[in-house]
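Numbering-wise, my numbering comes out as the position in the sequence shown, counting from 1, plus 10. Structure first, then comments.
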Amino acid sequence: MKEAIYSIDVDAGKDLRGFNSFGVQASAPAFTSVHSPREIEAVARAFNPDDLLILGGGSNMLFIGNPQKFVLHNQLIGRGIMSRTGNTAIVAAAGGENWHDLVTWSLRMGLGGLENLSLIPGSVGAAPMQNIGAYGVELSDVLHRVRAMDLKTGKWVHFDAGDCGFGYRTSRFKTVDRGRYFIAEVQLQLTINEHTAFTSYGAIKQELAIRNIIKPTPADISTAVVAIRKRKLPDPKKLGNAGSFFKNPIVPRKTYQHIRERFPDLTSYPVDDQNVKIPAAWLIENTGWKGKRLGQVGISPKHALVLVNHGKGTGQEIWALARQIKASVLERFGVELEPEVNLIGDLPQ
Ligand SMILES: Cc1cc2nc3c(=O)[nH]c(=O)nc-3n(C[C@H](O)[C@H](O)[C@H](O)COP(=O)(O)OP(=O)(O)OC[C@H]3O[C@@H](n4cnc5c(N)ncnc54)[C@H](O)[C@@H]3O)c2cc1C
Numbered sequence: 011m012k013e014a015i016y017s018i019d020v021d022a023g024k025d026l027r028g029f030n031s032f033g034v035q036a037s038a039p040a041f042t043s044v045h046s047p048r049e050i051e052a053v054a055r056a057f058n059p060d061d062l063l064i065l066g067g068g069s070n071m072l073f074i075g076n077p078q079k080f081v082l083h084n085q086l087i088g089r090g091i092m093s094r095t096g097n098t099a100i101v102a103a104a105g106g107e108n109w110h111d112l113v114t115w116s117l118r119m120g121l122g123g124l125e126n127l128s129l130i131p132g133s134v135g136a137a138p139m140q141n142i143g144a145y146g147v148e149l150s151d152v153l154h155r156v157r158a159m160d161l162k163t164g165k166w167v168h169f170d171a172g173d174c175g176f177g178y179r180t181s182r183f184k185t186v187d188r189g190r191y192f193i194a195e196v197q198l199q200l201t202i203n204e205h206t207a208f209t210s211y212g213a214i215k216q217e218l219a220i221r222n223i224i225k226p227t228p229a230d231i232s233t234a235v236v237a238i239r240k241r242k243l244p245d246p247k248k249l250g251n252a253g254s255f256f257k258n259p260i261v262p263r264k265t266y267q268h269i270r271e272r273f274p275d276l277t278s279y280p281v282d283d284q285n286v287k288i289p290a291a292w293l294i295e296n297t298g299w300k301g302k303r304l305g306q307v308g309i310s311p312k313h314a315l316v317l318v319n320h321g322k323g324t325g326q327e328i329w330a331l332a333r334q335i336k337a338s339v340l341e342r343f344g345v346e347l348e349p350e351v352n353l354i355g356d357l358p359q
């Protein structure tokens, strides 16, 4: 700590079970909720970035141990339309807003662009972190600008979309600048009248066909996405989970072809001339893990990529299971899985 902070209330030994969607037990040595830019400035003056852990909805975190850091719970609230030009509206939302609430609000405002990203849990401020994506759309497709506190210099900065280092489930905020910036506001570039419908994903097409919708509005697409997700993914309120535990691995085309010779049903998505992305869920399913349970933790029977906590599981048990899955996939297919979830605490080897 660089200097004392007088303006905010701090909880010592805060129980974090209700603050992570896995529902695992962990406790924070110090915890505070930040509600205003002023409070963030005070924290930035008092702490070094390495001493802080920013917490949004806790839906992409696994506490393997207690975070040995000051936990900052992002509660910055507010959203609005900043400008309308031609077919484009710039919308700004504070980082502590709930992501799905922002999506439904934008649809009520008649704006398009966020519909495919419906029902992704968590906060607006965490969305740039891993460039959230679903059903053929990523945040980077609609992001205009990010406003953040540089916890190293104590200065407010902004990043245009091109400066965020976005890639598949990654950004500069998750890699080279991990922990350095507190994302306080996200600005999005949405459509007003002429919307582009991204419905090429088979599941969306089928869902719209069942509903006899030929020319879907953004709201129709959102309704379809919500219905698919509710069927496909376990609800973290009922069964602890953090969505996809691993990223879909990007492998050389040669590796893909080699696996495909043995398993002709393996699909792939092009990345560049040399590499393709293959579904981690397929790899896990084909090592026999889908639906398995080891004590209090397991793999969802609905989706092989979703590791679950049956109630009393610990972060260490979930991580031990993840390592077993990784080892099985490496042994059978020669492919290394990388966690998408942020691991907090010391990793047992
Ligand atoms: C059922 C389920 C389904 C999911 N489906 C998807 C999906 O389809 N696509 C997808 O991309 N993700 C998905 N996720 C993952 C998760 O919803 C997203 O990653 C979401 O953006 C996490 O938001 P959060 O506020 O919960 O972040 P947290 O878990 O609180 O934090 C995640 C990381 O971001 C950092 N962070 C959080 N807020 C900030 C901030 N304001 N500034 C800087 N750093 C910050 C944290 O320190 C941490 O490292 C799913 C999760 C669940 C449980």
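We treat Cβ as the ideally placed atom computed from N, Cα and C, and that holds for glycine. As the structure is a computational prediction, the values presented were derived from the model and not from experiment.
Just curious, the beta strand (DSSP E) that residue i is in, first and last residue?
| i | result |
| --- | --- |
| R239 | From DSSP, R239 is part of no beta strand (DSSP E) but of the alpha helix (DSSP H) over P228 to K242. |
| A252 | G250 to S254 |
| Q326 | Taken as a continuous stretch (DSSP letters only), Q326 belongs to no beta strand (DSSP E), being part of the alpha helix (DSSP H) at G325 to F343. |
| Y191 | Y191 to T201 |
| D170 | K165 to D170 |
| N258 | Looking at the DSSP string, N258 is not in any beta strand (DSSP E), and its letter there is neither H nor E. |
| P246 | P246 -> no beta strand (DSSP E), and no H or E assigned at all. |
| K24 | D21 to D25 |
| F73 | M71 to F73 |
| T42 | S37 to V44 |
| G308 | V307 to I309 |
| V318 | V316 to N319 |
| K225 | Element bounds for K225: n/a, residue is neither H nor E. |
| V156 | L153 to D160 |
| L65 | L62 to L65 |
| V3 | Nothing can be reported for residue 3: it is not among the residues displayed for the chain, which extend from 11 to 359. |
| N352 | N352 to I354 |
Could you compute how far the alpha carbon of residue i sits from the alpha carbon of residue j?
| i | j | result |
| --- | --- | --- |
| N352 | G106 | 18 Å |
| A194 | F273 | 46 Å |
| D19 | D61 | 17 Å |
| V235 | P138 | 21 Å |
| D245 | M71 | 16 Å |
| I100 | N203 | 14 Å |
| A36 | T233 | 35 Å |
| G253 | A144 | 11 Å |
| H45 | K300 | 41 Å |
| K302 | F32 | 17 Å |
| W166 | A337 | 43 Å |
| V286 | T265 | 9 Å |
| P59 | F256 | 26 Å |
| N84 | L112 | 16 Å |
| K225 | R55 | 52 Å |
| A314 | G23 | 35 Å |
| I335 | N296 | 11 Å |
| L129 | P262 | 32 Å |
| Y211 | V53 | 43 Å |
| I309 | E217 | 26 Å |
| A219 | A213 | 10 Å |
| R333 | R94 | 49 Å |
| N126 | I231 | 7 Å |
| K79 | F41 | 9 Å |
| I91 | K242 | 33 Å |
| M119 | R155 | 20 Å |
| S150 | A136 | 13 Å |
| I142 | G175 | 13 Å |
| N369 | G323 | One cannot answer for residue 369 here, as it falls past the ends of the chain, which runs 11 to 359. |
| D282 | D21 | 48 Å |
| G189 | G355 | 14 Å |
| G122 | P228 | 6 Å |
| A38 | F183 | 22 Å |
| L200 | T98 | 6 Å |
Considering just the uninterrupted stretch of the alpha helix (DSSP H) at residue i, what are its terminal residues?
| i | result |
| --- | --- |
| K264 | R263 to R272 |
| K184 | Where K184 is concerned, there is no enclosing alpha helix (DSSP H), given that its DSSP letter is neither H nor E. |
| I294 | A290 to E295 |
| K215 | G212 to I220 |
| A56 | P47 to A56 |
Quick test of your reading: residue i and residue j, contact by CB under 8 Å. State the CB separation rounded to the nearest angstrom.
| i | j | result |
| --- | --- | --- |
| L117 | V152 | That belief does not hold up - the Cβ atoms of L117 and V152 are roughly 13 Å apart, past 8 Å. |
| P259 | L317 | With a Cβ gap of about 16 Å, P259 and L317 do not count as contacting. |
| I288 | F192 | With 8 Å as the limit, I288 and F192 do not qualify as a contact, their Cβ atoms being about 35 Å apart. |
| M159 | I50 | 5 Å |
| L331 | L304 | 6 Å |
| T206 | K215 | T206 to K215, Cβ: 16 Å. No contact. |
| G325 | V34 | 4 Å |
Ignoring anything shorter than 3 residues or poking outside the region 77-144, list the beta strand (DSSP E) runs there in chain order.
DSSP runs (the beta strand (DSSP E)) wholly in the region 77-144: 80-84, 89-95 and 98-104.
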